[in-house]
Amino acid sequence: MSVNWDWVGKEFNVKVLFSVAGVASQILIQSRGEDSFLLVDAGDGIVRDLLELPGQIFEKISTIAITHGHFDHVGGIFSLLSIFRLVKRNKTLNIISPPDNSNLKNMINVFTEYHKQHQTFEINFVEAKDISLKFGPFVITPFLVQHRSSLSPAGKKMSAVGYKISKNKETILYTGDTGYFDQLEKLVKDIDLALIETTFIEKKEDYHLTLFEAKKLSELAKDYIFVHVPTHVHFKNLKKRED
Numbered sequence: 000m001s002v003n004w005d006w007v008g009k010e011f012n013v014k015v016l017f018s019v020a021g022v023a024s025q026i027l028i029q030s031r032g033e034d035s036f037l038l039v040d041a042g043d044g045i046v047r048d049l050l051e052l053p054g055q056i057f058e059k060i061s062t063i064a065i066t067h068g069h070f071d072h073v074g075g076i077f078s079l080l081s082i083f084r085l086v087k088r089n090k091t092l093n094i095i096s097p098p099d100n101s102n103l104k105n106m107i108n109v110f111t112e113y114h115k116q117h118q119t120f121e122i123n124f125v126e127a128k129d130i131s132l133k134f135g136p137f138v139i140t141p142f143l144v145q146h147r148s149s150l151s152p153a154g155k156k157m158s159a160v161g162y163k164i165s166k167n168k169e170t171i172l173y174t175g176d177t178g179y180f181d182q183l184e185k186l187v188k189d190i191d192l193a194l195i196e197t198t199f200i201e202k203k204e205d206y207h208l209t210l211f212e213a214k215k216l217s218e219l220a221k222d223y224i225f226v227h228v229p230t231h232v233h234f235k236n237l238k239k240r241e242d
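Per numbering that gives the first Met the number 0, the sequence shown starts with residue 0, numbered consecutively.
As structure tokens, this is what we get:
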């Protein structure tokens with residue numbers, strides 16, 4: 000399969016399928032040399048985004064890692080599960096999520112209840128705790144981030160994580176949606192690829208990063224891609240370092 004990857008490492012290939020704040024975010028990671036794929040977040044339009052890639056990979060996505068329950072990160076789950084069923088997927092699908100992700104759980108429950116007589120694959124739902132998880136070639140380590148509900152001005156703190164994804168000596172870090180906190184610098188330092196959210200150009204809230212904060216973090220990583228960019232900025236124009 001020939002994909003125009005946004006980043007090619009020794010162990011991983013990375014494709015930012017789409018990532019605009021408030022619209023959708025989905026990132027595809029391939030273990031190089033293997034037909035094994037990890038999908039990180041699954042916003043609206045994920046099925047379309049995957050169909051635009053050459054070849055059919057619906058059977059090859061072994062794991063979906065969700066950072067939190069906002070619609071732009073989980074809005075495509077039901078349609079993705081439905082297309083898995085349509086193509087008669089028969090491999091178990093792992094779904095990782097932070098605890099208390101009711102939006103995601105409700106969508107999965109509705110899908111499994113509706114298709115309980117004709118579901119072709121099993122779902123292994125795992126709540127992300129403070130331990131590393133291994134699924135196939137991917138070692139996935141969640142870490143807590145600072146994010147809040149966007150339904151009110153004050154914003155209630157919500158269950159949200161970022162992920163470190165490792166294979167052998169290569170590691171990718173995805174911040175997920177988060178405000179700036181000191182531990183982020185330690186997490187990002189010397190990471191092979193940092194996928195850094197960049198929601199605001201200027202500071203507005205404490206539950207998202209600004210472009211200035213994202214650039215500060217990017218200087219600590221070996222390479223980076225900006226994701227979750229503002230709706231008025233095309234994400235491909237902010238995507239990565241040009242050496």
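Think of the CB as a built atom: it goes at the ideal place given N, C-alpha and C, for glycine as much as any other residue.
This one's a predicted model, so the numbers in the text were calculated from it and none came from an experiment.
Quick one: grab the DSSP three-state call for residue i.
| i | result |
| --- | --- |
| Y179 | coil |
| K188 | coil |
| E219 | Note on residue identity: the sequence assigns Leu, not Glu, to residue 219. Coil. |
| E248 | There is simply no residue 248 to check, as the chain begins at 0 and stops at 242 in what is shown. |
| S78 | helix |
| A213 | helix |
| N100 | coil |
| R147 | strand |
| L50 | helix |
| A153 | Note that A153 scores a pLDDT of 49, beneath 50, so its modelled location is shaky; the value from the coordinates is reported in the next line. If DSSP states are grouped into helix, strand and coil, A153 belongs with coil. |
| F11 | strand |
| N243 | The question about residue 243 has no answer, for the chain in this structure spans 0 to 242. |
| V125 | strand |
| I56 | coil |
| V86 | coil |
| V73 | helix |
Determine the direct distance from the alpha carbon of residue j to that of residue i, and round the result to whole angstroms.
| i | j | result |
| --- | --- | --- |
| K221 | L172 | 11 Å |
| D181 | D129 | 18 Å |
| T140 | K163 | 5 Å |
| F211 | R84 | 43 Å |
| S151 | T198 | Unreliable positioning characterises S151 in this predicted model, as indicated by a pLDDT of 47, which lies under 50. A coordinate reading is not provided. |
| Q29 | V13 | 7 Å |
| L52 | G175 | 24 Å |
| L16 | K166 | 22 Å |
| A153 | A41 | The predicted position of A153 is uncertain, since its pLDDT is 49 and thus under 50; a value taken from the coordinates is nonetheless stated next. C-alpha separation (whole angstroms): 26 Å. |
| E184 | G54 | 38 Å |
| V125 | F110 | 17 Å |
| H114 | L27 | 26 Å |
| K87 | A127 | 28 Å |
| V2 | A193 | 20 Å |
| I95 | I65 | 6 Å |
| S18 | S24 | 4 Å |
| K9 | K168 | 9 Å |
| F137 | V39 | 12 Å |
Answer yes or no: the CB of residue i versus the heavy atoms of the ligand NAD, is any distance below 7 Å?
| i | result |
| --- | --- |
| H207 | Among the ligands in the structure shown, none appear at all, so the ligand NAD cannot be discussed. |
Since residue i contacts residue j with CB under 8 Å, what's their CB separation in whole angstroms?
| i | j | result |
| --- | --- | --- |
| I195 | S217 | 6 Å |
| F142 | G161 | 5 Å |
| V144 | T170 | With a Cβ gap of about 17 Å, V144 and T170 do not count as contacting. |
| E43 | G74 | The displayed chain sequence assigns Asp, not Glu, to residue 43. D43 to G74, Cβ: 4 Å. Contact. |
| K188 | L219 | 5 Å |
| F70 | N89 | About 29 Å separates the two Cβ atoms, so there is no contact after all. |
Identify every residue that forms a DSSP beta bridge with residue i.
| i | result |
| --- | --- |
| I139 | L132, I164 |
| T198 | According to DSSP, which records beta bridges pairwise, T198 is partnered with nothing at all. |
| I63 | L38, I94 |
| S24 | S18 |
| Q29 | N12, F36 |
| T170 | S165 |
Can the beta-carbon of residue i be found closer than 8 Å to that of residue j?
| i | j | result |
| --- | --- | --- |
| A312 | H67 | One cannot answer for residue 312 here, as it falls past the ends of the chain, which runs 0 to 242. |
| L103 | I76 | yes |
| K59 | S35 | yes |
| L79 | I122 | no |
Determine, using beta carbons only, whether residue i comes closer than 8 Å to chain B.
| i | result |
| --- | --- |
| Y113 | Of the chains in the structure shown, none is chain B; there is only one protein chain. |
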